[in-house]
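UniProt numbering numbers the first residue of the sequence shown as 1 and each following residue consecutively.
To start, the structure itself, in structure tokens.
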Amino acid sequence: MVIQSLHHVHHSQCNVVEKNCYEKIEKLSYTFKDFKKGECALQLSPYEMCTELIGNQSDISPFADKMKSLNQFNAKTPDKPYTIFAPSTKNAEKYKDFTNSAEHIVPGRFYLKDLKSGLQLNTLDPKRKLYVTREHYGTVSVDCVELVDADMECNSGIIHTIRYPLTNIRNLDRSSLLNLLESHPETQAFAKDLSAVFKNSLKNTNSNQRYTVIVPSQKTWELLRQKYSGEQLQKIAANHVISNQYCSGHLIHSLENYQSLLGEKLEFICETDSTGKERHYIRTIFGNKHEITITDLTATNGVAHIIEDTLIPHSVITFREFIQNKQYGEKLKATEFLNLLTECDLKMEPGEKYAIVLPQDSSMKWWSTYPQFQEQYKRFQVDKEYRCHVARYHIMKSNDRLNNIGNFASHTQGHRTLNPNEPLYETTYFKKSPYGSQLNFHYSPINNLESIELDDVTIYVTPRINVPPDLNMTDILLNRPDTTIAKNQTEKAKMDEKYFQKNAPKNLYLVTTDNGWKDPRAKPTTINPYKPELNMYTDKNLENYLLLNHIPLYLWGGDIGYFEKNTIHKFMSSVGVELIFWMDNNGIMRIGYEGLPRDQWPKVIQWNLPARDGIIWLLDGILKCPEKICPLIVEDVDYYDVYVMACQTSVLPGEKDPVAQFESRPLDIASRHPSLCTVVLQTSETTVTLIES
1 MVIQSLHHVH
11 HSQCNVVEKN
21 CYEKIEKLSY
31 TFKDFKKGEC
41 ALQLSPYEMC
51 TELIGNQSDI
61 SPFADKMKSL
71 NQFNAKTPDK
81 PYTIFAPSTK
91 NAEKYKDFTN
101 SAEHIVPGRF
111 YLKDLKSGLQ
121 LNTLDPKRKL
131 YVTREHYGTV
141 SVDCVELVDA
151 DMECNSGIIH
161 TIRYPLTNIR
171 NLDRSSLLNL
181 LESHPETQAF
191 AKDLSAVFKN
201 SLKNTNSNQR
211 YTVIVPSQKT
221 WELLRQKYSG
231 EQLQKIAANH
241 VISNQYCSGH
251 LIHSLENYQS
261 LLGEKLEFIC
271 ETDSTGKERH
281 YIRTIFGNKH
291 EITITDLTAT
301 NGVAHIIEDT
311 LIPHSVITFR
321 EFIQNKQYGE
331 KLKATEFLNL
341 LTECDLKMEP
351 GEKYAIVLPQ
361 DSSMKWWSTY
371 PQFQEQYKRF
381 QVDKEYRCHV
391 ARYHIMKSND
401 RLNNIGNFAS
411 HTQGHRTLNP
421 NEPLYETTYF
431 KKSPYGSQLN
441 FHYSPINNLE
451 SIELDDVTIY
461 VTPRINVPPD
471 LNMTDILLNR
481 PDTTIAKNQT
491 EKAKMDEKYF
501 QKNAPKNLYL
511 VTTDNGWKDP
521 RAKPTTINPY
531 KPELNMYTDK
541 NLENYLLLNH
551 IPLYLWGGDI
561 GYFEKNTIHK
571 FMSSVGVELI
581 FWMDNNGIMR
591 IGYEGLPRDQ
601 WPKVIQWNLP
611 ARDGIIWLLD
621 GILKCPEKIC
631 PLIVEDVDYY
641 DVYVMACQTS
651 VLPGEKDPVA
661 QFESRPLDIA
671 SRHPSLCTVV
681 LQTSETTVTL
691 IES
């Protein structure tokens, strides 16, 4: 908290040792970083001339002589009040080349409390405007130079003391950032290679947009010209520009990451060397650290800092350079997979654009312990060709490199990998998480929607690995002992030819197991133990029923899937009925639709049987087809009783031909001779035949 100067009159005996009999009072220092308790301050009259008052302060007295060159202060009574930012002489190195006093004087009276962050002040120099910043730790600065004392009043204004002059380099044009860069000997080469768009932005002082430019030294930039093209140099230059103005004090003391106009993250850090001296650095995402050698070169619309080396952006690094540099893999924690990429023939063509899903080292541990993919993991350990098949499965050829979120559909979008003769496979979707939207490639999440754009490749880092499927959906149904009914139905309706092949890989197929077709009313002796719908769904009704169980999306469920607990999602089936996917608090999912009683919704009993052309989920019961889709069908019910009968003799009283009569009407004969014949009911059978109503 800053306490304003005290100006009340205080009478006491002057110290006879002092040459000038000024009265001393105790004050609180205005210096934020160099706070010292109990300094002596001179009690000065607020009615003195500003130049005289400054001249009587040893710390800032030389500035009084420089002010005499300004007409505004030659008159005994200035025409208006001014705010004066008087530079301290303590930093002699920065004071020696100081010439411009006009830029230190602002028309108007601005007390410390008036200096709000973002305030822009006109000066007596028509080419210079000062920009005020207030840091969260209390420092107030004008054009990145800190105030160390404040609110000293004189007859025509306010005096603030600043650490050093605002300009300490001769012949530096600060009227705009571009002019500053073009006039500073260390930044002229950099300014020359800026694109026309950036030059216009850095020159425009009327847009209210400010910039921070991190400039490599002249020598460093000249060396880059020998290696990179003009277009690449423009990209590199853009990576050195940050939107908004940030003084060095803010960059070092804040814990923020900054993003260049090229979209890459930059971090500023402070370290001490062996002598205890502070050194300031800027660090890129891959940990390359570059020292900041010159700070706070301010202009009307921003500030520049000079560093010893260049911030090479990803966008000029080729994929081949990327996988050959071990530090990239170490920084991304993806060393193992990058090593795999160097071992394989990736079949990447020069000049083409690609997107790569890059599994981190932790993904291998995940794969080794995930139950569903154990067989594939064991194969990965011993089969070199399969290892390379997995590697290429994570690389997609794409003209736009999938480098923009707009390139992704809201749910799924098929892409083609570099494996020969492989169909469209890799699907992406967004899911909502507690931290916002999350992009997924298959079941592999991409944290923070972030990508790394190289010259020829866009990289998406993930903590999981995508296991390539070997079979089509029809193969899976054929090979499983519990899906024989679904296999036969799928073949009869020609689902593969009509739908699966055309939609691949966007096929989610809900398959009822053989047990799910069984009628719970059936008994062990029942001739037909299956639900009547098995006979009902034939021909067009069968196709409609299977389309009810087909969603033209590629969705993963379960613990690695799209769905969170306690959520409801709706997806349109291929027959035009909107299905409701309801996941309860225990992670159990049931699927139904409006109008279907909840107790008839089948449950998902096995997630994620991935195929080359889609994905299968297994259900514990049938998803009944609505009557409007599968026209019903009246039940024709027949009842059958099976009896076993026997008579002790073929000679039965009153019967002309007992043997013939027993063969044709055994129940009648037995009922007339209960003492000689026995009747046993062996079983009763009810059959239901469904016919169109």
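Cβ coordinates follow ideal geometry from the N, Cα and C atoms, glycine included.
Residues sharing a beta bridge with residue i, DSSP
i, result
"G614", "In the DSSP output, where bridge partners are listed per residue, G614 has none listed."
"V644", "V680"
"M589", "M583"
"F85", "H160"
"Q189", "Correcting the residue type first, residue 189 is Ala in the shown sequence and not Gln. According to DSSP, which records beta bridges pairwise, A189 is partnered with nothing at all."
"I568", "W582"
"R134", "V140"
"A304", "V213 and L297"
"Q120", "Y131"
"P359", "T462"
"Y386", "DSSP lists no partner for Y386."
"T417", "M396"
"K431", "Q438"
Alpha helix (DSSP H) segment containing residue i, residue limits
i, result
"K235", "G230 to A238"
"P62", "P62 to M67"
"A150", "Per DSSP, A150 belongs to no alpha helix (DSSP H); it is in the beta strand (DSSP E), V145 to C154."
"S362", "S362 to T369"
"A102", "Neither: A102 is in no alpha helix (DSSP H) and is coded neither H nor E."
"E93", "A92 to Y95"
"E330", "K326 to L332"
"R283", "Run containing R283: none in the alpha helix (DSSP H); it sits in the beta strand (DSSP E), E278 to T284."
"P658", "P658 to S664"
"T318", "First-last for T318: undefined, no H or E at that position."
"C50", "C50 to G55"
"A196", "A196 to K203"
"G561", "Here G561 belongs to no alpha helix (DSSP H), and DSSP marks it neither H nor E."
Pick from the options that is closest to residue i, judged by C-alpha positions
i, options, result
"V679", "N608, A646 and A660", "A646"
"A299", "I452, T167 and Q259", "T167"
"A213", "S207, I282, I162 and K628", "In the sequence under discussion, the amino acid at residue 213 is Val, which differs from the Ala named in the question. Nearest option by C-alpha distance: I282."
"F73", "E93, A92, P107 and T89", "P107"
"G118", "E135, I105 and Y95", "E135"
"V577", "C50, P626, M583 and K565", "P626"
"L555", "M572, F63, K540 and N566", "M572"
"K506", "P520, N472, E93 and I527", "N472"
"Q209", "R320, G302 and D193", "G302"
"N122", "Y137, K113, V142 and Q57", "V142"
"P423", "S437, V357, E375 and N503", "N503"
"S229", "D273, N91, F268 and S315", "S315"
"D470", "N479, T462, G592 and P463", "N479"
"P481", "F110, N515 and V197", "N515"
"S671", "S684, E685, T686 and V644", "V644"
"E264", "K333, E450, A64 and R109", "E450"
"E533", "S58, F63, C630 and I317", "C630"
"residue 709", "P674, V132 and P359", "Here the chain comprises residues numbered 1 to 693, so residue 709 is not present and cannot be evaluated."
Element boundaries [beta strand (DSSP E), containing residue i]
i, result
"C270", "K265 to T272"
"N257", "N257 to Q259"
"M396", "I395 to K397"
"L623", "Per DSSP, L623 belongs to no beta strand (DSSP E) and is neither H nor E."
"I242", "V241 to S243"
"S444", "S444 to I446"
Short CB-CB distance (under 9 Å) between residue i and chain D
i, result
"L676", "Absent from the structure is chain D; it holds one protein chain and no more."
Exercise. For the stretch 361–368 against the stretch 315–327, are there 3 or more C-beta pairs whose distance is under 8 Å?
Worked result: no
Problem set entry | 3 or more residues per run - each beta strand (DSSP E) lying fully within the stretch 485–550 | 508–512
Exercise. Are three or more beta carbon pairs between the stretch 343–350 and the stretch 384–400 nearer than 8 Å?
Worked result: yes
Problem set entry | Three or more C-beta pairs below 8 Å linking the stretch 310–317 and the stretch 217–230 | yes
Exercise. Does the count of Cβ pairs from the stretch 543–563 and the stretch 616–627 closer than 8 Å reach three?
Worked result: yes
Exercise. Between the stretch 200–209 and the stretch 175–184, do three or more beta carbon pairs fall short of 8 Å?
Worked result: yes
Exercise. Is it true that the stretch 229–238 meets the stretch 274–291, where meeting means three or more beta-carbon pairs spaced less than 8 Å apart?
Worked result: no
Exercise. Between the stretch 74–85 and the stretch 148–161, do three or more beta carbon pairs fall short of 8 Å?
Worked result: yes
Exercise. Should the stretch 555–565 be regarded as contacting the stretch 576–594, the criterion being three or more beta carbon pairs within less than 8 Å?
Worked result: yes
For this session: Determine, using beta-carbon pairs with one atom in the stretch 441–454 and one in the stretch 421–430, whether at least three such pairs fall under 8 Å.
Result: yes
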